[in-house]
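J.: Got a structure for you, questions after.
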Amino acid sequence: MSGNLIITIGRQCGASGKVIGQMLAESMGVKCYDKELLALAAKNSGLCEELFETHDEKPTNSFLYSLVMDTYSMGYTSSGYMDMPINHKIFLAQFDTIKKLADEESCVIVGRCADYALADYPNVVSVFITASDEDRIASLKELYKVDASKAKDIMVKTDKKRSSYYNYYSNKKWGDVKSYDLCINRSAVGLDGAVKIIRDFADVKMEWKKQHR
């Protein structure tokens, strides 16, 4: 376990969590991992990258969470892992890749239950980004070149998927203030303001931890 600073970002669809993550990483001089995690997890696990893209942050109700974590504790050489459905394997490969990144470097990680994967790491700041529905729909209209109705449909369905995925795999609730160190309304402070708040908060949290070891 390292002393690297890791900032994890959960986000509502259209709230600009990825953009804020990228801006934050640039201001800190570190890397931001979002979709890049999928390629890394595929490489580390030997599984096909297309499988990770197909299952990315999608919930599943077809198996028991305890089975996943029992197998995780036993390791990938067990017969349990060999017999495991592909979505189990993909989750565990991402889980391992997130931990590996945290051991190797300071970075920003967007989504994928990173805050849960790194729950035992001391220097993690978990953030959730939200925004008004109006702003989120406007961002999605621009991003996907669609009308407001289609943008709202994307927003609702994506949030539902992310919520189900996070709630299923973690022991916390997606978007609940109790699940994160810091929740920010991007509509209230803007992109630059969100980056500044996260950096300032991270500095204060790390200093507090230093003083209270």
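Numbering (our numbering), first residue to last: 355 to 567.
Just so it is clear, CB atoms sit at the ideal spot from N, CA and C, and this is done for glycine as well.
Do D388 and V464 have their C-beta atoms within less than 9 Å of each other?
T.: Against a cut-off of 9 Å, the Cβ pair of V464 and D388 comes out as a contact.
J.: Terminal residues of the continuous beta strand (DSSP E) containing N539?
T.: First-last of the beta strand (DSSP E) with N539: 536-539.
J.: Would you call the segment 483-494 and the segment 378-386 in contact, with 3 or more CB pairs under 8 Å?
T.: Flag = no, the segment 483-494 and the segment 378-386 do not touch.
J.: Where S420 and F406 are concerned, what is the direct C-alpha to C-alpha distance, given to the nearest angstrom?
T.: For S420, the pLDDT reaches just 44, beneath the cut-off of 50, and the residue's location in the model is therefore unreliable, leaving the point undetermined.
J.: Please report the distance separating the alpha-carbon of E403 from that of M560.
T.: Straight-line Cα distance between these residues: approximately 35 Å.
J.: Give the list of continuous alpha helix (DSSP H) stretches no shorter than 4 residues that lie fully inside the segment 487-564.
T.: As far as the segment 487-564 is concerned, its whole alpha helix (DSSP H) runs of at least 4 residues are 487-498, 502-523.
J.: Let me confirm a value: G400 is counted as buried when at least 16 other C-beta atoms fall within 10 Å, else exposed. Which label applies?
T.: G400 should be labelled exposed.
J.: Going by DSSP, which residues form a beta bridge with V462?
T.: Answer is I361, C386.
J.: Pick helix, strand or coil for S480, following the three-state DSSP scheme.
T.: Looking at S480 - three-state DSSP - the assignment turns out to be strand.
J.: Thinking C-beta only, is D535 closer than 9 Å to V479?
T.: Yes; because the gap between Cβ atoms is below 9 Å, this pair is in contact.
J.: Can you tell me whether A567 is buried or exposed, with buried defined as 16 or more other CB within 10 angstroms of its CB?
T.: The question names Ala, but residue 567 in the sequence shown is Arg. Exposed, since its Cβ has fewer than 16 Cβ neighbours within 10 Å.
J.: Can you tell me whether DSSP reads Y475 as helix, strand or coil?
T.: Of the three classes helix, strand and coil, the one that applies to Y475 here is coil, per DSSP.
J.: Can you find the residues in the same chain that come closer than 7 Å, C-beta to C-beta, to L545, ignoring five residues on each side of it along the sequence?
T.: Same-chain partners within the cutoff: S370, V373, I374, M377.
J.: If I measure Cβ to Cβ from G368 and keep anything under 6 Å in the same chain, skipping five residues before and after, which residues do I get?
T.: Excluding sequence neighbours, G368 sits near R490, S493, L494, M509.
J.: Between G547 and F482, how many whole angstroms is the CB-CB distance? I'm expecting something under 8 Å.
T.: No, G547 and F482 are not in contact; Cβ-Cβ is about 16 Å, not under 8 Å.
J.: Is D424 helix, strand or coil when you go by DSSP?
T.: Model confidence at D424 stands at a pLDDT of 47, short of 50, so the residue's coordinates are unreliable; what they give is reported in the following sentence. It is helical.
J.: CB-CB under 7 Å to A471, same chain, minus the five flanking residues each way: which ones, in chain order?
T.: Only F449, I452, K453 meet the Cβ criterion.
J.: Would a C-beta distance cut-off of 9 Å place A485 and R540 closer than the cut-off?
T.: Yes, Cβ-Cβ distance for A485 and R540 is below 9 Å.
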